[in-house]
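Below is one structure; the comments refer to it alone.
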Amino acid sequence: LTGPLTRRRSHLDRFLGTKTNFCQILLNNTPQSQPTAMAESGLFSDDLVSPTVASALPEGYVVRALRQSDYNTGFLDCLRVLTTVGEISEPQFAERYDWLSKSDGYYILVIEDTSRKTVVGTGALIVERKFIHSLGLVGHIEDIAVAKDQQGKKLGLRIIQALDFIAEKVGCYKSILDCSEANEGFYVKCGFRRAGLEMAHYYEGDKSKVQ
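Quick look at the structure:
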């Protein structure tokens, strides 16, 4: 049977079908939002970055944790101002970074000139776990380096202050470092004082990495 009601239903079905197809076409051609790229994480939490130090840096400079991508931002060149680094490939750098990231107690920070996306300063805090002083923690400050063209901006002072902040934050009862007599005055200004004499024994065997 075909009557007015049946014809109206037929027209309605065709209309709804067309509308459904049209909506599906729109859906298929609507650009889908892409997932937001995750910011690269560093060697330690941003919570350990001193806000006082961050605000005291020159405009355009940031202090942050070392990242694996810093192989390409001048981190090793910055260290070469301090001492011999050697020829380190990117896979070797990644392997060492991965080991550090899985080993508790290593805090390497950098100061970056964001206008050039270049590391211009760095320093490290290594936390030693002791039995003495009720299982106390001691921070060893190492490898303080500032690019030669960045001298006079108090970046070295900010690095020491930032590492000192981390040491206190993670529970160290003291921080210690070695320096030359020529640099003693600088570290006194940073709050350190002479406390003994450094001794060293360098090894010359095949397993030694020091040259």
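So the sequence shown is numbered by UniProt numbering: it starts at 1 and just counts up by one. Ideal Cβ placement from N, Cα and C applies to all residues, glycine included. This one's a predicted model, so the numbers in the text were calculated from it and none came from an experiment.
Next item on the list: Consult DSSP for Tyr173 and reduce its assignment to one of helix, strand or coil.
Entry: Here residue 173 refers to the residue found at position 173 when the sequence shown is read from its first residue. Under the three-state reduction of DSSP output, Tyr173 falls in the coil class, being neither helix nor strand.
Margin query: Please tell me whether Gly74 and Thr118 are closer than 9 Å, where the distance is taken between their beta carbons.
Written below: Counting from 1 along the sequence shown, the entry for residue 74 is found at position 74. Counting from 1 along the sequence shown, the entry for residue 118 is found at position 118. Contact annotation: Gly74 and Thr118 have beta-carbon atoms nearer than 9 Å.
Margin query: Buried or exposed for Leu109, going by 16 or more other Cβ atoms inside 10 Å?
Written below: To locate residue 109, count along the sequence shown from 1; it is residue 109. Around the beta carbon of Leu109, a 10 Å sphere encloses 16 or more other beta carbons of the protein chains shown; the residue is thus reported as buried.
Item checked: Start-end ranges of the alpha helix (DSSP H) lying completely within the stretch 53 to 125, minimum 4 residues -> Listed in chain order, they are 75 to 80, 90 to 102.
Checklist line | Residue burial classification, Thr122 (beta-carbon count within 10 angstroms, cutoff 16) | finding: Your numbering for residue 122 matches position 122 in the sequence shown. Buried, by the Cβ-count rule.
Margin query: In whole angstroms, give me the CA-to-CA distance for Ser134 and Leu177.
Written below: Along the sequence shown, read from residue 1 onward, the residue named residue 134 stands at position 134. Along the sequence shown, read from residue 1 onward, the residue named residue 177 stands at position 177. Their backbone Cα atoms lie some 22 Å apart in a straight line.
Notebook entry, point to check: Roughly how many angstroms separate the alpha carbons of Tyr202 and Gly105, rounded to a whole number?
Noted result: The count along the sequence shown starts at 1 and reaches residue 202 at position 202. The count along the sequence shown starts at 1 and reaches residue 105 at position 105. Going from the Cα of Tyr202 to the Cα of Gly105 covers about 24 Å.
Checklist line | Residue of Tyr107, Asp98, Ala39 minimising C-alpha distance to Lys169 | finding: Sequence index remark: in the sequence shown, residue 169 carries index 169 (1-based). Cα-wise, what sits closest to Lys169 is Tyr107.
Notebook entry, point to check: Is Val120 near Asp149, with beta carbons less than 9 Å apart?
Noted result: Residue numbering aside, residue 120 sits at position 120 when the sequence shown is read from its first letter. Residue numbering aside, residue 149 sits at position 149 when the sequence shown is read from its first letter. A contact, by the Cβ cut-off of 9 Å.
Check: Would you report the Cα separation of Gln161 and Cys190, rounded to the nearest angstrom?
Finding: Taking the first residue of the sequence shown as position 1, residue 161 is located at position 161. Taking the first residue of the sequence shown as position 1, residue 190 is located at position 190. In a straight line, the C-alpha of Gln161 is about 7 Å away from that of Cys190.
Notebook entry, point to check: When DSSP builds the beta bridges, which residues end up paired with Ile141?
Noted result: If you number the sequence shown from 1, residue 141 lands on position 141. For Ile141, which the question treats as bridged, DSSP gives the partners Leu125.
Check: If we count the other Cβ atoms within 10 Å of its Cβ and call it buried at 16 or more, is Glu198 buried or exposed?
Finding: By 1-based counting over the sequence shown, the position of residue 198 is 198. Exposed, by the Cβ-count rule.
Notebook entry, point to check: Which two residues bound the contiguous alpha helix (DSSP H) that contains Lys148?
Noted result: On the sequence shown, residue 148 is found 148 positions in, with the first residue counted as 1. It is not in any alpha helix (DSSP H) - Lys148 carries neither H nor E in the DSSP assignment.
Note to self: Between Ala200, Ser175, Gly205, which has its C-alpha nearest Arg194's C-alpha?
What the structure shows: For this step, residue 194 is matched to residue 194 along the sequence shown. Looking at the Cα atoms, Ser175 is the closest of the given residues.
Item checked: Reduced DSSP category for Tyr187 - H, G, I as helix; E, B as strand; rest coil -> Position 187 of the sequence shown, counted from the start, is the residue given in the question as residue 187. Looking at Tyr187 - three-state DSSP - the assignment turns out to be helix.
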